[in-house]
Amino acid sequence: MLELVEFVKAKKSDNPELELFPLFFKISVHDLSGESFEHCWKTAWADIAKDDPDRFNLSWCTKALRELRGSNGLKFQDFQHSEVFYREAIVKEISLLLPPDLLDDTSDVIGYDRLCKTTAGMFVQDISVDSKSWGTHKLGLYGMGGLGKTTMCRALCKYFHEDFYGRVCHVELGSKPPLELQKMVMSKLLRLGKEVVESITSTDVGRKCLKDNMRREPVFLVIDNVTDDSTSRTEALAYLEAGFHPHSRIMITSRSEDVVQALFTDPKSTFCKAMPDLTEEEAGFIFLQGAAPQRALDALTDEERRVLSLCLGQCCFASDGRPIKGEQYHPLALRALAVYYHEIDNVNVLSWENHLEDLDKLKHSRESSDVFGILGLQFSTFDMRKKLVFLDLALYCGTSRKSYENRVSWLADIHEERRRAMECQLQHLKRSGIINFSPSTCETDMMITIHDLYKEFAEWYVSEWAGSEDMVWCVYHKLPTKCLPYALQRASASNFWPELKRIWLQNLMCVILPPYKVQEWRNIMVLQLHSCDSLTVLHLHGLSCLRHLELVGLQNLETFYFADSATSDSKGSIWHIECLRPTQTTLESLQYVVLKKLISLKRLPDFSMCTLLKSFKMTECDKVLKTTPSFRRCSQLEKLHMDWNSCQESLPKLNTLTSLTSLWIGSTCNMDCKGNARVLEGLSACTQLQGDLTLCYLPIRSLPGLEKLSQIRSLWLRNCRHLKEIPDVSALTQLEVLNISFTMLRGIPGVDRLFKLERLICTMCDMLSTLPDLHQLLNLKYLNTQNCPKLRIIPRLPPQCLHVKDQVRLMKRTEHSSQFFCQGQFEIRSGETNGSFPLMTKGMAHEMVNLHRSSSF
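Using my numbering, you'd call the opening residue of the sequence shown number -6 and step up by one each time.
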């Protein structure tokens, strides 16, 4: 009664717009009108008034009760006596009755003042002549889920409240039906009466009302959470096309930069800006609030601050997911990891350092479902097809196919789709904000990048899926384990898993994968095994759908087979590696092979029967390199990258590789280039080579057919010590880089007609005696002729070509190391300048040690 009395007093005096809205729970309006009821209440009031006459005035109680009788309220019995329905109705009514100037509480927004000032300074005035909102200041804010865009919208509404005399509105698309959101905008920005607002019955009528009235006064409007969905974009456009007063500020937010640009028709990204970053201090405050709420940031010791900084570093990400100091802190990750460390010790900050290397901290945090729930909002709207493309990019695409071209090709092959269809899929993922296209480091190609938190989400999603009883499409397991993960252990109803398509296993510590278990994987398309050190043999018979095979760091693996074997018992156990006798059965669908750091591997299966093979990469497999892999029937092979050493019988034969576009043969560790001189056979058949041709540390004496490779852009013949001659290279019209360092070439016939050449490197060519004039090569930017003692005449060069000549002198050598000093002389159009040239590589240092073994210093 005291509260009711105060409400009635306020309504009759200084606040006539106060809404009195009673909630009838145990009694009804009819109960209030009864004389016995009023008599009962008055008796109770009189008893209370005796004890506290100053506060309890009987006359005011009577007036308040009469006021209550004339009010319409919510009656509990009208909602089926359901408290849930009753509460929902109460919330809805309160939302309708809230005055436009009721502001959100921003006291818990860390860095409120700084972030608001920063964001306010990011608005750009629209001065387009044909714009419906000429003069307004616009901002399109984008960023991944969980960065705090919605919180920022609410904070800005409070920040700009005075500037716009309360005409501020935050429209969060999807939070309410479109018509309700329109009515909210009309109430808060147009200040239309409740009766007028309630009379609007459709979004079309609401849109017309906005167009007719929105230009009257300056407003601050935020359209939050616009997605790539056509319904969401249409709803946002309905507000943007209404037109605004020239002094208005309009802001939209989305997870996708593409969506923001499209809504503002902003191809130059004038209005589109990334979400502002948290400072390290703000991130530390957020983290400490969750991890050690009793500790104050400014009271930490230097050592505690150091540990806190290490913890914060695990919540700091770049756009492609690599943790880099100074990049963006993610508030969700900060809070989730703070909870993880809070459960370890919520007072002793120093104790956290012992847990910095814990695996999967984010997934083990109690906050993981909240974090991944927000990150997965967009993902949950995808159909299964798009979900699988994203999971492939996040988990199974590997690091060796970072470029846009390579990843699109790989995805198209794995999904059996046309390249154009796959590019459309990727464009949709980009518009959703879940992936991005970024320039590569060399800026000649694009890269598909994924934020590290989205990769964490993908791992979490797959692990949650794999633990269910539903059909499992993919398995990704990287924690050390002595047995197969649950998704692969359980028995299949039909002897195999028809839906299982991807397997990534890391740190598996079992000695063998039983053939009967591998048979259950017969439909998989991608198999990746990493650091499974206990495996000694791998039997892959029957994986007829396998398109990608990746074996990395299996230190004890001695062999693997594509063929069936009679040596397995009914349970599939393998008795001895020596008993296995491979047949000619192959993996007929295999297209991609990656073999790396298999230091015990002694033998390879016959890849020549894999007629669909497109890419083969084998590095750091020293023992198996005694046998040269055969690719005689792999006419579709496009990329070949393999180590070679002098123990091998021969160089790979290239005669049948008519589709080859990239070739790398060499060794990163074999510095001496031992062995008898050989000829690289079949180079003339590789006319489709168009990227890089790299031959390093090979004992080749000539390169017949090189003149046929007219499309290659880069030719590296580094450290081919037996190479004494090459054909005329003038036909290599697309060549941009040529490196013949540490060869025995006397000259480079036709080099003066390579008009696209940009870099020519002839370092340490002892026999090089002549170079033609190169002044006609206007694209040539760099020439290096260091340590070419027989080169007496310096060729004429084009303007601005940097020429590095003179000697590299070995200054000091010890038993364990050598130190060099590089004194280069640079020749440019303006004259000669002396200075230090920092292009000394580790490989050059090793070579100079070999060349100067007999020298005295």
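Ideal Cβ placement from N, Cα and C applies to all residues, glycine included.
Note that this is a predicted model, so its numbers are computed, not measured.
Answer yes or no: does any C-beta atom of chain B fall closer than 8 Å to that of residue i?
i           : result
residue 335 : Within the model displayed, chain B is absent; a lone protein chain is all it includes.
Which partner residues does residue i have in the DSSP bridge list?
i           : result
residue 852 : This structure cannot speak to residue 852, because the chain is shown only from -6 to 850.
residue 917 : The question about residue 917 has no answer here: the residues shown for the chain are numbered -6 through 850.
residue 589 : 545 and 612
residue 476 : The partner list for residue 476 (beta bridge, DSSP) is empty, contrary to what the question assumes.
residue 552 : 530
residue 672 : 695
residue 496 : 468 and 520
residue 117 : 131
Does DSSP put residue i in a helix, in a strand, or in coil?
i           : result
residue 25  : helix
residue 654 : coil
residue 576 : Any reading at residue 576 needs caution, since the residue's pLDDT is 40, under 50, leaving its predicted position unreliable; the model's value is listed next. In the structure shown, residue 576 sits in coil (DSSP, three-state: anything other than H, G, I, E or B).
residue 137 : coil
residue 469 : strand
residue 55  : helix
residue 217 : strand
residue 724 : coil
residue 11  : coil
residue 501 : strand
residue 361 : helix
residue 16  : strand
residue 34  : helix
residue 227 : helix
residue 561 : Only weak support exists for where residue 561 lies, its pLDDT of 40 falling under 50; the value from the coordinates is given anyway. Three-state DSSP puts residue 561 in a strand.
residue 439 : strand
residue 825 : Note that residue 825 scores 36 on pLDDT, short of 50, meaning its location in the model is unreliable; the coordinates nonetheless yield the value given after this. Three-state DSSP puts residue 825 in a strand.
residue 2   : helix
residue -5  : helix
residue 333 : helix
residue 760 : coil
residue 605 : coil
residue 709 : strand
residue 162 : strand
residue 102 : coil
residue 67  : strand
residue 97  : coil
From which residue to which residue does the alpha helix (DSSP H) around residue i run?
i           : result
residue 687 : Per DSSP, residue 687 belongs to no alpha helix (DSSP H); it is in the beta strand (DSSP E), 685 to 688.
residue 251 : 250 to 256
residue 295 : 295 to 306
residue 389 : No alpha helix (DSSP H) contains residue 389, which DSSP labels as neither H nor E.
residue 407 : 397 to 408
residue 737 : Unbroken run through residue 737: none, as it is neither H nor E.
residue 279 : 273 to 284
How about residue i and residue j: are their beta carbons less than 8 Å apart?
i           : j           : result
residue 501 : residue 539 : no
residue 269 : residue 108 : yes
residue 465 : residue 490 : yes
residue 389 : residue 468 : no
residue 522 : residue 544 : yes
residue 279 : residue 327 : yes
residue 112 : residue 166 : no
residue 190 : residue 176 : yes
residue 322 : residue 305 : yes
residue 33  : residue -2  : no
residue 217 : residue 164 : yes
residue 608 : residue 586 : yes
How is the beta strand (DSSP E) around residue i delimited, first residue to last?
i           : result
residue 247 : 242 to 247
residue 431 : 429 to 432
residue 521 : 519 to 523
residue 267 : 265 to 267
residue 382 : No beta strand (DSSP E) holds residue 382; the alpha helix (DSSP H) holding it covers 377 to 384.
The segment 213 to 230 contacting the segment 100 to 117, beta-carbon criterion three pairs below 8 Å: no
contact_flag[the segment 722 to 740, the segment 696 to 709] where n(CB pairs < 8 Å) is 3 or more: yes
Could you say if the segment 467 to 474 and the segment 361 to 380 meet the contact criterion of at least three C-beta pairs nearer than 8 Å? no
Quick test of the definition: if touching needs 3 or more C-beta pairs under 8 Å, does the segment 203 to 215 touch the segment 96 to 105? no
Report yes or no: do the segment 127 to 143 and the segment 244 to 261 share at least 3 C-beta pairs separated by less than 8 Å? yes
For the pair the segment 505 to 515 and the segment 546 to 555, tell me if three or more CB-CB distances fall below 8 Å. no
Is it a yes or a no for the segment 782 to 789 touching the segment 756 to 774, going by three-plus beta-carbon pairs under 8 Å? yes
Pair every Cβ in the segment 396 to 414 with every Cβ in the segment 439 to 446, then say whether three or more of these pairs are closer than 8 Å. yes
Taking 8 Å as the threshold, find out whether the segment 196 to 212 comes into contact with the segment 400 to 418 through three or more Cβ pairs. no
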